[in-house]
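Below: the structure, in structure tokens.
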DNA sequence: CGAGTATTGTACCGTTTGGTACAGTCGGGT
DNA sequence: ACCCGACTGTACCAAACGGTACAATACTCG
């Protein structure tokens, strides 16, 4: 009982990496099986719903990580600036300074968005909303805070695309620096 | 002879839309055939290299459109501000105010990047470089111009992701408005 | 008209896809 | 020792995959 949960988390991390690198269509069960060392028997034991359930579970897992490490620091902290700084650090570390791509952002682009539209919208929506709330507490007008928050989350997503296109993590670091300056 | 060139352009536009909506892996020959009304015989007649050649041709076609309508206005225009405004208008119209996704940006994210890395890097590289050059001519220091250009192209890509995630074209329009303000 | 090329439809290839079935193995609890 | 549920490997399935072969048709031009 005690070992099941950690194992599943490890499993989700590995499966997530396959989806991240190959996209929803490109992540075949063969690839997932090779990456996890699990046969179809095990895979379908853990995810009876097949590939779609795997992707949904991965999204939920990522969502949970962001909820805890990125969104939570933005809320209810005495110092909103400190919370914003913590969210930027968590973002930098999650995306490995741009070496990693945003799975949920990638899913938003192709047709797999239709399958997970609700989760994708909720993920980005909470990111923007919590950042805007922190910015409001730090003194910005609600309208200005909304605008800044949307701009910042967009800049992060765009920087991930450019960093990957240029194969250059400095692009992502510069974007985070600019965000720091704009939000600070 | 005269009809071949326009037909091929139409064909590339249709095939491009299939890649744009389904991604490289998701765009099956069956889908491409259905969208174009062409059987495999015709498809392989026009693109003997198969799917990979189709995608390469689509990328080249898009690249050519941007070269002519987005990058060219940035160059050698007497008024750099007018050139920047024309590039933003062309961008807005190409992406249909955010309803459309950036094929090349989407390819940059998943594994298909490896196949087309050179073309992807060149496309974004020229976009940033030409914009930076226009900004330099409009009075910015080269360093500041580079930074602003990278930020703007990144903001456009990020806004496309967010617009698609939220299913809301207003996100993209706001990003272009901010770009206008920052570059103007 | 006829020759020759451009284009197309169809049947087919081997491989891989996501998914199922199920017999077996393993380990903890009684 | 036994049992029962969690787990796993293997064989299998129909469908779809990208790609090939080729005969038949359409088109152009002399």
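Chains as they are written, first to last, in this note's numbering: chain A, 1 to 184; chain B, 185 to 368. All residues carry an ideal CB built from backbone N, CA and C; glycine is no exception. Predicted, not measured: the structure shown is a model, and the values here were computed from it.
Can you find a C-beta in chain B that's less than 7 Å from the C-beta of residue 126(A)? In the first chain, residue 126(A) corresponds to position 126, counting from 1. No, because no Cβ of chain B sits closer than 7 Å to the Cβ of residue 126(A).
Neighbourhood of residue 59(A) by C-beta, 7 Å cutoff - its chain only, sequence neighbours within 5 removed: The residue you call residue 59(A) lines up with position 59 of the first chain. So the qualifying residues of the chain are 104, 116, 119.
In this structure, how does DSSP classify residue 212(B) when only helix, strand and coil are distinguished? Start at 1 with the first residue of the second chain, and residue 212(B) comes out as number 28. In the three-state DSSP reduction, residue 212(B) falls in the coil class, being neither helix nor strand.
In the DSSP assignment, find the unbroken alpha helix (DSSP H) run with residue 157(A) in it and report its ends. On the first chain, residue 157(A) is found 157 positions in, with the first residue counted as 1. Counting along the chain, the alpha helix (DSSP H) containing residue 157(A) begins and ends at 142-166.
In or out: residue 175(A) buried (at least 16 other Cβ within 10 Å) or exposed? As a working mapping, residue 175(A) is identified with position 175 in the first chain. It is buried - the Cβ of residue 175(A) has at least 16 other Cβ atoms within 10 Å.
Among 31(A), 24(A), 37(A), 161(A), which one has its Cα closest to the Cα of residue 100(A)? Taking the first residue of the first chain as position 1, residue 100(A) is located at position 100. Of the listed residues, the one whose Cα sits closest to residue 100(A) is 161(A).
Could you confirm whether any beta carbon from chain B is found closer than 7 Å to the beta carbon of residue 37(A)? For the purposes of this step, residue 37(A) is taken as the residue at position 37 of the first chain. So no, residue 37(A) is outside the interface.
Taking C-beta to C-beta, are residue 343(B) and residue 154(A) nearer than 7 Å? In the second chain, counting from the first residue as 1, residue 343(B) sits at position 159. In the first chain, counting from the first residue as 1, residue 154(A) sits at position 154. A contact, by the Cβ cut-off of 7 Å.
If you draw a straight line from the alpha carbon of residue 261(B) to that of residue 362(B), how long is it in whole angstroms? Position 77 of the second chain holds residue 261(B). Position 178 of the second chain holds residue 362(B). Each residue's alpha carbon lies about 23 Å from the other.
Could you tell me the alpha carbon to alpha carbon distance between residue 185(B) and residue 191(B), rounded to whole angstroms? The residue labelled residue 185(B) in the question sits at position 1 within the second chain. The residue labelled residue 191(B) in the question sits at position 7 within the second chain. Since pLDDT at residue 185(B) reaches only 37, below the 50 mark, its modelled position is unreliable, and no value is offered.
Contact criterion: CB-CB distance below 7 Å. Does residue 121(A) meet it with respect to chain B? To locate residue 121(A), count along the first chain from 1; it is residue 121. For residue 121(A), the answer is yes, since a Cβ of chain B falls inside 7 Å of its Cβ.
Which chain A residues are close to residue 338(B), counting only those with a beta carbon under 7 Å from its beta carbon? Along the second chain, read from residue 1 onward, the residue named residue 338(B) stands at position 154. By Cβ distance, chain A contributes 155, 158, 159, 162, 175.
Is residue 30(A) closer than 7 Å to residue 18(A) when the C-beta atoms are compared? In the first chain, counting from the first residue as 1, residue 18(A) sits at position 18. In the first chain, counting from the first residue as 1, residue 30(A) sits at position 30. If you check the CB distance, residue 18(A) and residue 30(A) do not come in under 7 Å.
Use the C-beta contact count for residue 316(B): other C-beta atoms within 10 angstroms, 16 or more gives buried, fewer gives exposed. For this step, residue 316(B) is matched to residue 132 along the second chain. So residue 316(B) counts as buried.
So which residues of chain A does residue 362(B) contact, with C-beta pairs closer than 7 Å? Counting from 1 along the second chain, the entry for residue 362(B) is found at position 178. Neighbours of residue 362(B) on chain A, chain order: 151.
Does any C-beta atom of chain B lie closer than 7 Å to the C-beta of residue 185(A)? Beyond the ends of chain A as shown, which are 1 and 184, falls residue 185(A); an answer cannot be given.
Reference residue 71(A); option with closest CA among 145(A), 38(A), 39(A), 128(A): Sequence index remark: in the first chain, residue 71(A) carries index 71 (1-based). If we check each option's Cα against that of residue 71(A), 128(A) comes out closest.
Integer-rounded CB distance, given that residue 366(B) should sit under 8 Å from residue 336(B): Looking up residue 336(B) in the second chain gives position 152. Looking up residue 366(B) in the second chain gives position 182. Sure, about 7 Å apart at Cβ, within 8 Å.
Can you list, in chain order, the residues of its chain whose CB lies under 6 Å from that of residue 247(B), leaving out five sequence neighbours each side? As a first step, residue 247(B) must be located in the second chain, where it is residue number 63. So the list reads 307, once near-sequence residues are dropped.
Is residue 363(B) helix, strand or coil by DSSP? On the second chain, residue 363(B) is found 179 positions in, with the first residue counted as 1. Secondary structure of residue 363(B) (DSSP, three-state): helix.
In whole angstroms, what is the alpha-carbon distance linking residue 334(B) and residue 38(A)? On the second chain, position 150 is the one that residue 334(B) refers to. On the first chain, position 38 is the one that residue 38(A) refers to. Cα to Cα, the separation comes out at about 42 Å.
Tell me the DSSP secondary structure of residue 115(A) in three-state form. As a first step, residue 115(A) must be located in the first chain, where it is residue number 115. Helix at residue 115(A).
Would you please verify whether the beta carbon of residue 110(A) is less than 7 Å from any beta carbon of chain B? Here residue 110(A) is taken as the residue at index 110 of the first chain, counted from 1. Residue 110(A) counts as touching chain B.
Between the region 11-36 of chain A and chain B, which residues of the former have a C-beta closer than 7 Å to a C-beta of the latter? Within the region 11-36 of chain A, the residues whose Cβ lies closer than 7 Å to some Cβ of chain B are 21, 22, 23, 25, 26, listed in chain order.
Return helix, strand or coil for residue 194(B), following the three-state DSSP convention. The residue given as residue 194(B) occupies position 10 in the second chain. Residue 194(B) falls in the helix class under three-state DSSP.
Counting only the same chain and skipping the five closest in sequence on each side, list residues whose C-beta sits under 7 Å from that of residue 198(B). Counting from 1 along the second chain, the entry for residue 198(B) is found at position 14. Excluding residues within five positions, the ones whose Cβ falls inside 7 Å are 219, 220.
Counting only C-beta atoms, is residue 101(A) closer than 7 Å to chain B at any point? Against the first chain, residue 101(A) aligns to sequence position 101. With a threshold of 7 Å between beta carbons, residue 101(A) makes contact with chain B.
Nearest by alpha-carbon distance to residue 204(B): which of 170(A), 135(A), 108(A) is it? By one-based count along the second chain, residue 204(B) stands at place 20. Checked all of 170(A), 135(A), 108(A); the closest Cα to residue 204(B) is 108(A).
With 16 other CB atoms within 10 Å as the buried threshold, where does residue 296(B) fall? Translated into positions along the second chain, residue 296(B) becomes position 112. The residue in question, residue 296(B), is buried, as its Cβ has 16 or more Cβ neighbours within 10 Å.
Could you give the first and the last residue of the continuous alpha helix (DSSP H) run that contains residue 242(B)? Against the second chain, residue 242(B) aligns to sequence position 58. It spans 234-250 - the alpha helix (DSSP H) in which residue 242(B) sits, taken as one unbroken run.
So, are the CB atoms of residue 356(B) and residue 347(B) less than 7 Å apart? The residue you call residue 356(B) lines up with position 172 of the second chain. The residue you call residue 347(B) lines up with position 163 of the second chain. Yes, the Cβ-Cβ distance between residue 356(B) and residue 347(B) is below 7 Å.
Going along the region 255-279 of chain B in order, which residues come within less than 8 Å of chain A, judged by CB to CB distance? Against chain A - using a Cβ distance shorter than 8 Å - the region 255-279 of chain B contributes no residues.
Buried or exposed: residue 206(B), going by 16 or more other Cβ atoms within 10 Å of its Cβ? Indexing the second chain from 1 puts residue 206(B) at position 22. Buried is the label assigned to residue 206(B), since at least 16 other Cβ atoms lie within 10 Å of its Cβ.
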